[in-house]
Every structure is written in C-alpha cells, then in structure tokens.
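These notes are about the structure you will find just below.
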Amino acid sequence: MTRMMIDCRDVPSESGCTLTIAGEPDEVLRAAAAHAVDVHGHADGEELRNGLREALREASDGLTPAGAFIQVIEFRTRRIDEFDDVTRQWADAIGPARTARWDITGADLDEADSYLQIVEFPDRAAAMSNSDHPATSAFADRLRKLCDSDPTFHNLEVHQSTVF
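The opening position of the sequence shown corresponds to residue 691 in the numbering used here, with each subsequent residue numbered one higher.
Structure (structure tokens):
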C-alpha cells in the first residue's frame, strides 16, 4: 500500500507547527487527529477527520520519480522579499488543493536579481490542476507585477532521478 502523509505546514496555523506524519492511511489519520486535538486544540469528530482525509497526500522518499512533472521558472525581480511573501500567501490560499509537492527558489550568483524557481508535481495533470485553481491565477498576476520582465517557464517530465 502507498505510504501517505499529512504535513502541518500545509495548513495555515498561528503556531507554525512543522510536524509531518507518514504511514499507512489509517495510521496517519489516527495520529493526525490525536495531534490536532492535543497540540492545536481541535475537537475530534467527523469534520476534523474529513479535513484530515482531504489533507492526506502520497509520501515521498525524497526522490522525484520518473514521470513526475517539474516546472522551472526563470524570473528577474528586485523585490524578492515581496515575491516570497506572495508565495506564502498563495500557499495559505490554495491550502490542501495544492498539488505541488515541493519548490526551491534560487538566486543566480552570476546575474543580479535573477532567480530560478523549481516546482515538483506528481504529474502533468496535477500541475494543470494546480494552475487552474483560482488562487493560482491571482497569485500569478501578483507575481508578474513584482517581476522586471515576463517569467520564462520550462515544463519537464522527469526521465530519471538519482541520489549521489
């Protein structure tokens, strides 16, 4: 059976909890419910359990599997701190509907104010679902206004992933 996970970082909270729980789906739901009650003060019940079921996602071993979808976005901005703030606001707005599994934003050390953002999705369909979400459209419009020129997108299907 596929390992599943719930990550508190996917759900906006005042505490800034960073706990990730992974295992078989039933194990994760039980542990996440206990954590939500004990640490976050939620009442256990069907509403909580339904929310946790929606937050379940496939656990990763850290490697990006063949067939996954990677989007590389090249952009220029002198307002990277605002860019980061808008990215966090988008994550809060899209919540558990987010299909992106991880992202990295890196500054080009040879070109001032140039950045690459790399975003991983389970597959192209998940990336398109993410792109079609209303929170993503609003996010993209806000980010374009922070950039010095139009970003360039590269859409890649993962052929191979290796850990050295």
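Think of the CB as a built atom: it goes at the ideal place given N, C-alpha and C, for glycine as much as any other residue.
Coil, strand or helix - residue i by DSSP
| i | result |
| --- | --- |
| residue 773 | helix |
| residue 854 | coil |
| residue 846 | strand |
| residue 704 | coil |
| residue 734 | coil |
| residue 768 | coil |
| residue 743 | helix |
| residue 712 | strand |
Enclosing alpha helix (DSSP H) for residue i [first to last residue]
| i | result |
| --- | --- |
| residue 727 | 715-728 |
| residue 797 | Segment 792-797 is the beta strand (DSSP E) holding residue 797; no alpha helix (DSSP H) there. |
| residue 827 | 824-836 |
Classification of residue i by the beta-carbon crowding that lies within 10 angstroms, buried from 16 upward
| i | result |
| --- | --- |
| residue 824 | exposed |
| residue 696 | buried |
| residue 811 | buried |
| residue 792 | exposed |
| residue 722 | buried |
| residue 753 | exposed |
| residue 694 | buried |
| residue 745 | buried |
| residue 854 | exposed |
| residue 845 | exposed |
| residue 740 | exposed |
| residue 742 | buried |
Rounded distance between the beta-carbons of residue j and residue i, thought under 8 Å
| i | j | result |
| --- | --- | --- |
| residue 851 | residue 749 | Their Cβ separation, rounded to whole angstroms, is 16 Å, which puts residue 851 and residue 749 out of contact at 8 Å. |
| residue 760 | residue 808 | 6 Å |
| residue 769 | residue 836 | 5 Å |
| residue 803 | residue 832 | The Cβ separation is near 18 Å, so there is no contact. |
N- and C-terminal bounds of the beta strand (DSSP E) containing residue i
| i | result |
| --- | --- |
| residue 806 | 804-811 |
| residue 697 | 694-697 |
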